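Under this note's numbering, think of the first position of the sequence shown as 346, with each following residue one higher.
In what follows, a single structure is set out as structure tokens and then discussed.
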Amino acid sequence: MIIRFISKVFPLVSKELNFWISKAEQIPDWELRVQALSSIRAKKFHAQGGGVYALYTGSAIPDTVRFIVALQTISDYLDNLSDRAGVTDESAFFQLHLAMLDAVDPARPVSDYYREYPFKEDRGYLEKLVTICRRQIEKQPSYRVVLPKITAYAQRYSELQSLKHLAPEIREARLSKWARQKLASRFPIHWWEYAAATGSTLGMFLLYAASADPALTPETVEAIDRAYFPWVTGLHILLDYFIDAQEDREMGDYNFTSKYQNQAELLNRLRFLIEQSTQACRALPRPSFHLTVIRGLLALYLSDPKALDPCRKEVSLELIRRGGARCRWYHRCCGLLRMIKII
Numbered sequence: 346m347i348i349r350f351i352s353k354v355f356p357l358v359s360k361e362l363n364f365w366i367s368k369a370e371q372i373p374d375w376e377l378r379v380q381a382l383s384s385i386r387a388k389k390f391h392a393q394g395g396g397v398y399a400l401y402t403g404s405a406i407p408d409t410v411r412f413i414v415a416l417q418t419i420s421d422y423l424d425n426l427s428d429r430a431g432v433t434d435e436s437a438f439f440q441l442h443l444a445m446l447d448a449v450d451p452a453r454p455v456s457d458y459y460r461e462y463p464f465k466e467d468r469g470y471l472e473k474l475v476t477i478c479r480r481q482i483e484k485q486p487s488y489r490v491v492l493p494k495i496t497a498y499a500q501r502y503s504e505l506q507s508l509k510h511l512a513p514e515i516r517e518a519r520l521s522k523w524a525r526q527k528l529a530s531r532f533p534i535h536w537w538e539y540a541a542a543t544g545s546t547l548g549m550f551l552l553y554a555a556s557a558d559p560a561l562t563p564e565t566v567e568a569i570d571r572a573y574f575p576w577v578t579g580l581h582i583l584l585d586y587f588i589d590a591q592e593d594r595e596m597g598d599y600n601f602t603s604k605y606q607n608q609a610e611l612l613n614r615l616r617f618l619i620e621q622s623t624q625a626c627r628a629l630p631r632p633s634f635h636l637t638v639i640r641g642l643l644a645l646y647l648s649d650p651k652a653l654d655p656c657r658k659e660v661s662l663e664l665i666r667r668g669g670a671r672c673r674w675y676h677r678c679c680g681l682l683r684m685i686k687i688i
């Protein structure tokens, strides 16, 4: 699976990202063009990692890669527009993030994404991304079975992003209130862990890939949802925040791992999420695939040079040990891929 991932999926992801770079370079508005290009170039590993779901049983690899790259590019672009352009308007963020909902539901009318945003002229860039997602969805025989769940993921994601980028003096209070209401004691996790889980695109990628199966049942979709949210998705995003903690502190960005009292508490909670993710995924169809994803998340994020900074090194090494022998091997593979600048 790892060999197929590197040899087949990575080149397709690169091809798709290069296509979107060429489109981003044509954006007339300077601010939108800068954010579109930087979101692809600085965050390409998001699409590379998500591309693993193109190897899920029954998926057409090129079509699945095209969907994943387009949806992840929307996510990363909107994150930059919310985080890096000096805007703190909740209504503008929510309007922008209608693109995520439109991308996963072809029956929705296409929205005016920049209506509340101060920069507007993108020469159809964002709408093209949405359209590509919708075209791939039309090819999936069981997409109607996953539509309610994938829409719920996109809705939670959009709500999170609309709140996370508010002005620093109000964002945590708004985030906490929203997450506590949504959480409502459903899971044994903190409010910020729930909020973090809503920020992952992995559940959407898996549901799309699963919809390639003409015999997909609502029961399987429910099982996927129970395993991925909040366990795999929470682990995914907290690992992302873990390696970016110092950078976020310097940039004034909100980081969910700052809510832990110390590194020991952070390590214990990440161990807990690994255990819960592993246990839940063992009950899914193709458990080995999902367990590889979990180990791959650990390997990908913890092979980042930032993970070995003195303040994070001990936690990183312990998590890799916790992942087992295969995780350690994947970690070495990711280190090699970083060395030769593939990721």
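Note that beta-carbon positions come from the ideal geometry of N, C-alpha and C, so glycine has one too.
Because the structure is a prediction, the values reported are computed rather than measured.
Close beta carbons around Phe350, own chain, < 7 Å, minus the five adjacent residues each side: Answer for Phe350: Val397 and Leu400, listed in chain order.
Alpha-carbon to alpha-carbon, His676 and Ala497: 32 Å
Selected residue, minimal CA-CA separation from Ala609, among Arg657, His391 and Thr562: Arg657
Alpha-carbon spacing of Tyr422 relative to Val432, whole angstroms: 14 Å
Own chain, CB closer than 7 Å to Ala542, minus 5 neighbours either side, in chain order: Phe574, Pro575, Thr578, Gly579 and Ile582
Residue from Gly403, Met684 and Asp649 whose Cα sits closest to the Cα of Asp589: Out of Gly403, Met684 and Asp649, Asp649 has the C-alpha closest to the C-alpha of Asp589.
First through last residue of the alpha helix (DSSP H) which encompasses Val660: Lys658 to Met684
Pairwise C-alpha distance: Phe634 and Pro486: 22 Å
Exposure label - Lys686; buried when at least 16 CB within 10 Å: Lys686 should be labelled exposed.
Beta-carbon spacing of Leu520, Leu508 below 9 Å: At a Cβ-Cβ threshold of 9 Å, Leu520 and Leu508 count as neighbours.
The alpha helix (DSSP H) enclosing Pro575, as first and last residue numbers: Taken as a continuous stretch (DSSP letters only), Pro575 belongs to no alpha helix (DSSP H), as it is neither H nor E.
Test: Glu610 CB closer than 9 Å to a CB of chain D: Here chain D cannot be found, since the structure has a single protein chain.
C-alpha gap between Ala290 and Met549, whole angstroms: With the chain covering only 346 through 688, there is no way to say anything about residue 290.
Nearest-angstrom Cα separation, counted from Ile569 out to Lys494: 10 Å
Beta carbon of Ala555 nearer than 9 Å to that of Asp467: No, the pair does not count as a contact, with Cβ atoms beyond the cut-off.
Of the listed residues Phe364, Lys651, Trp365 and Leu511, nearest to Glu435 (C-alpha basis): Nearest of Phe364, Lys651, Trp365 and Leu511 to Glu435, Cα basis: Leu511.
Beta-carbon gap between Tyr459 and Leu441 smaller than 9 Å: yes
N-terminal and C-terminal residue of the alpha helix (DSSP H) that Asp374 is part of: No alpha helix (DSSP H) contains Asp374, which DSSP labels as neither H nor E.
Sub-9 Å separation of Glu538 and Arg614 beta-carbons: yes
Start-end ranges of the alpha helix (DSSP H) lying completely within the segment 555 to 589, minimum 4 residues: 563 to 572 and 578 to 588
Rounded Cβ spacing between Ile419 and Leu357 (contact assumed at less than 8 Å): Contact flag wrong, Cβ pair sits at about 18 Å.
C-alpha gap between Ala557 and Tyr488, whole angstroms: Going by the C-alpha atoms only, they are around 8 Å apart.
Other residues of its chain near Arg378: CB distance less than 6 Å, five sequence neighbours each side excluded: Taken in chain order, the residues that qualify are Ile372.
Euclidean distance between Cα positions of Phe532 and Trp375: 44 Å
Coarse secondary structure for Asp654, derived from DSSP in three states: Residue state, collapsed to three classes: coil.
Presumed contact (8 Å Cβ cut-off) between Arg640 and Cys672, rounded CB distance: So it is a contact: roughly 4 Å between Cβ atoms.
Simplified DSSP state of Gln606, which is helix, strand or coil: DSSP places Gln606 in coil when its eight states are reduced to three.
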